[in-house]
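Just so we're aligned, residue 1 is where the sequence shown starts under the UniProt record's numbering, counting upward by one. Note that the Cβ used here is the ideal one computed from N, Cα and C, for glycine as well.
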Amino acid sequence: MKDELLFCPLGGSGEIGMNMNLFAYGKPGEHKWIMVDIGVTFADDTLPGIDLIYPDPGFIVDKKEDLLGIILTHAHEDHIGAIAHLWPQLKCKIFATPFTAVLIKEKLKEKNIDATNYLKIVQLNGTVDLDPFKIEYITLTHSILEPNGLRIETPAGVILHTGDWKIDPEPLIGEKINSDRLKEIGKEGVLAMVCDSTNVFSMGKAGSELDVRKSLLNIMGSLKKRIVMASFASNVARMETAFYCAEKTGRQISLVGRSMHRIFKAARQCGYLKNVIEPIDAREAKKIAREKIIYLCTGSQGEPMAALMRISSYTHPDVFIEKDDAVIFSSKIIPGNEKKLYKLQNQLVRDGIEVISEESEFVHVSGHPNRDDLREMYDWVKPQCAVPVHGEHRHMIEHMKFAHEMKVPHPVQVENGDIVKLAPGKPHVFDKAPSGRLYLDGNMSVEEDAQSIKDRKNIAANGYMEVTILITAKGNIHKRPVLTFRGLPVYDADEFIYELEEAIEKTTRTFSIKSKKQEYNLIDALKITCRKCAKELTGKRPFININLVRI
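Written as structure tokens, this is what we have:
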């Protein structure tokens, strides 16, 4: 049987976030595997009590003896966020450039995981040899330090995995995109390009951080009072711009929010942000005149616990804002966050604070390729096969059309779990791997259909009721149950309890509890009775818990 080259996304194809991609080479049943990225996405209000979601790695956990390593393209959460949750199941080598490695170490340290012997630091534009894969890191530009594409060489041909990227002619911090090497790779021949689809609907070019800096300097130069700027903490170029603008406008700068301090420290550790003014502690900043300070803070998406939300609700211990101050949202609105972000902005405006966002001023550029950036990449690389990833289905289908437009001979449309045979023969989806999502519930990984999540959704929607029935030693049921309930729309609690007691007594009258089986039958009957009674009285079907207590 011939050796074959496979690609399989377990996350990030059909959604934006939780990227996890697998490549394999070898004879059927004897493949060697590598994983590219191991990311998370964030839960919304439909999943009460859940913060993080990540791909189910079961398919590759079963093959972990043949998993040669995890290759990380860059340090965004949707590419590295699951490492501390999933790596203990894999126990393989981890490869990352210096900045990404610093953040990985922090994540593992938080969970008391020692991966010192497994974490390998790769220098920028460096290589990793994992026979039969030879991986070359290609410096790209994005909205974080040290973003990399991967040239993955195999005996069957070369794959270019772009990771997240754009073409920024002036990224301000870090190197420019290594276009010369990308052109060489194109000339050498590329079997397949696995490529970012996020901004395929956006025309023109993504834009440059330098242009944002010029615009922000103009905006800040015209503001007379206190400035609060919210941005993604991971965007170190934007962070440096805030420092630059502070210096040029004669202001001090203070960092607010744990992530902002963490990224600043990591960037400094890796040799970045060396030539900026020193930030001052937020407690010290209180002593500085309003017109002489800029606060750079987390919370640009209206996150409830982030610094900006606490500042705007006047609960932050060190940062106070007042009428005529300005808040700059130097970020885009991530789809799904509109409601909470507009609520925050409305609150600020109502308090007489000026709000500046991408809707009113030029304060942000995306980190992903617009259509003209994509066109340039395709012109450089000239792949035989294009595999759109990193997008919802609508993005990836549009990217397929774009690949046809670019005369790519063999575009392949994928979704999570698809196994693509890239070689030998014409690239095509030929099999399906088990795939899905895991939720971080407390400190446990649970599946999508976990009972804990079903119960919590039910309680969130319908409320909770607990009924305790007392049983005598002879098996007789004490007449009055003990009732508690939460989250039910009850105005007259006494009347509600009286009606419930009546219904419960009618049901219990027919039971004598002499055996375990009768106990279970009574519990089931009481659940039906209580749910029916609650529905009639409140319109809700609460989550019901029945306790039988022998006295």
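Taking DSSP's pairing of strands, which residues face MET444 in a bridge? The beta-bridge partner set that DSSP reports for MET444 consists of ASP441.
Measuring alpha carbon to alpha carbon, tell me which of ASN462, GLU184 and ARG437 ends up nearest ALA450. Between ALA450 and the set ASN462, GLU184 and ARG437, the nearest pair of CA atoms involves ARG437.
One question on the structure: do VAL327 and LEU348 come within less than 8 Å of each other, judged by their Cβ atoms? When the beta-carbon positions are compared, VAL327 and LEU348 come within less than 8 Å of each other.
CA nearest to the CA of GLY149, picked from PRO155, SER143, ALA156 and LEU160: Of PRO155, SER143, ALA156 and LEU160, the residue nearest in Cα terms is LEU160.
Mind listing, in chain order, the continuous alpha helix (DSSP H) runs of no fewer than 4 residues lying wholly within the stretch 305 to 385? Complete alpha helix (DSSP H) runs here, min 4: 307 to 312, 338 to 350 and 371 to 381.
Inspect the CB distances between the stretch 383 to 398 and the stretch 13 to 31 and report whether three or more fall short of 8 Å. Enough Cβ pairs lie closer than 8 Å, so yes.
I need the straight-line Cα distance from LYS248 to ILE277, nearest angstrom please. Near 11 Å, if we compare the C-alpha coordinates of ILE277 and LYS248.
Buried or exposed: where does GLY250 fall if 16 or more other Cβ atoms within 10 Å of its Cβ makes it buried? It is exposed - the Cβ of GLY250 has fewer than 16 other Cβ atoms within 10 Å.
Boundaries of the beta strand (DSSP E) in which LYS111 is found, first to last residue: Counted as a single uninterrupted DSSP element, the stretch harbouring LYS111 is not any beta strand (DSSP E), since DSSP gives it neither H nor E.
Note down, in chain order, each residue of its chain lying with its Cβ closer than 6 Å to the Cβ of ARG290, except the 5 sequence neighbours on either side. The residues are LYS225 and ARG226.
Look up GLU392 in the DSSP assignment and give the residues it is bridged to. BP columns for GLU392 point to GLY14.
Taking 8 Å as the cut-off, decide whether the C-beta atoms of MET239 and PHE264 are in contact. Contact: yes.
Give the straight-line distance between the Cα atoms of ALA266 and GLY257, rounded to the nearest whole angstrom. In a straight line, the C-alpha of ALA266 is about 15 Å away from that of GLY257.
Within 8 Å, strictly: CB atoms of MET465 and PHE485: Annotated as proximal: MET465 and PHE485, with beta-carbon spacing under 8 Å.
Rounded to the nearest angstrom, what separates HIS399 and VAL412 at their Cα positions? Across the structure, HIS399 and VAL412 are spaced so that their CA atoms are roughly 10 Å apart.
Spatial distance of LEU5 from LEU90 (CA atoms): One C-alpha to the other measures close to 22 Å.
Between LEU182 and ARG213, how many whole angstroms is the CB-CB distance? I'm expecting something under 8 Å. Not quite, the Cβ-Cβ distance comes to about 26 Å (not below 8 Å), so this is no contact.
Let's see if you can read the secondary structure: which residues bound the alpha helix (DSSP H) around ALA237? Counting along the chain, the alpha helix (DSSP H) containing ALA237 begins and ends at 236 to 248.
Determine the burial state of ARG371: buried for a count of at least 16 other Cβ atoms within 10 Å of its Cβ, exposed for fewer. The C-beta of ARG371 has 16 or more other C-beta atoms within 10 Å across all chains shown, which makes the residue buried.
Just to confirm the assignment, what range does the beta strand (DSSP E) spanning ASP196 have? 192 to 196 is the extent of the beta strand (DSSP E) around ASP196.
Short of 7 Å in beta carbon distance, which residues of its chain neighbour TRP380, apart from the five on each side in sequence? Order them along the chain. Excluding sequence neighbours, TRP380 sits near SER179, LEU182, LYS183 and GLY186.
Quick check: what's the CA-CA separation for THR73 versus LYS540? About 49 Å.
Below 8 Å on the Cβ atoms is my contact criterion, and I expect ASP330 with HIS368 to pass it. Report the Cβ-Cβ distance as a whole number of Å. It should be pointed out that residue 330 corresponds to Ser in this sequence rather than to Asp. In fact, because the Cβ distance is near 17 Å, the residues do not count as touching under 8 Å.
At what residue ranges does the stretch 465 to 518 contain a whole run of the beta strand (DSSP E), taking only runs of 3 or more? Every unbroken stretch of the beta strand (DSSP E) spanning 3 or more residues and falling wholly within the stretch 465 to 518 is given here in chain order: 482 to 486.
So what does CYS8 bridge to, in DSSP terms? CYS8 is bridged to LEU22.
Give the straight-line distance between the Cα atoms of ILE167 and SER197, rounded to the nearest whole angstrom. Here the alpha carbons of SER197 and ILE167 stand approximately 14 Å from one another.
What's the call for ARG151, buried or exposed, on a 16-neighbour Cβ count within 10 Å? ARG151 is buried by the Cβ-count criterion.
How far does the beta strand (DSSP E) with ASN545 in it reach, from first residue to last? 543 to 550 is the span of the beta strand (DSSP E), which, as asked, contains ASN545.
Would you say GLN252 and ALA230 are within 8 Å of each other, going by their C-beta atoms? One thing to note: GLN252 has its Cβ no nearer than 8 Å to the Cβ of ALA230.
State the DSSP-derived secondary structure class of TYR295, mapped to helix, strand or coil. Three-state result, TYR295: strand.
Environment of GLN518 [buried if 16+ CB atoms lie within 10 Å]: The residue in question, GLN518, is exposed, as its Cβ has fewer than 16 Cβ neighbours within 10 Å.
Any idea what DSSP makes of ASN148, helix, strand or coil? If DSSP states are grouped into helix, strand and coil, ASN148 belongs with the strands.
Tell me, to the nearest whole angstrom, how far the beta carbon of PRO48 is from that of ARG456; I am working on the premise that it is less than 8 Å. With a beta-carbon spacing of about 5 Å, PRO48 and ARG456 fall inside the 8 Å limit used to define contacts.
GLN301 (DSSP reduced to helix, strand or coil): It is coil, neither helix nor strand.
Measure the Cβ-Cβ separation of GLY299 and LYS343 and say whether it is below 8 Å. Cβ atoms of GLY299 and LYS343: not closer than 8 Å.
For the beta strand (DSSP E) containing ALA96, list its first residue and its last residue. Unbroken beta strand (DSSP E) run through ALA96: 94 to 96.
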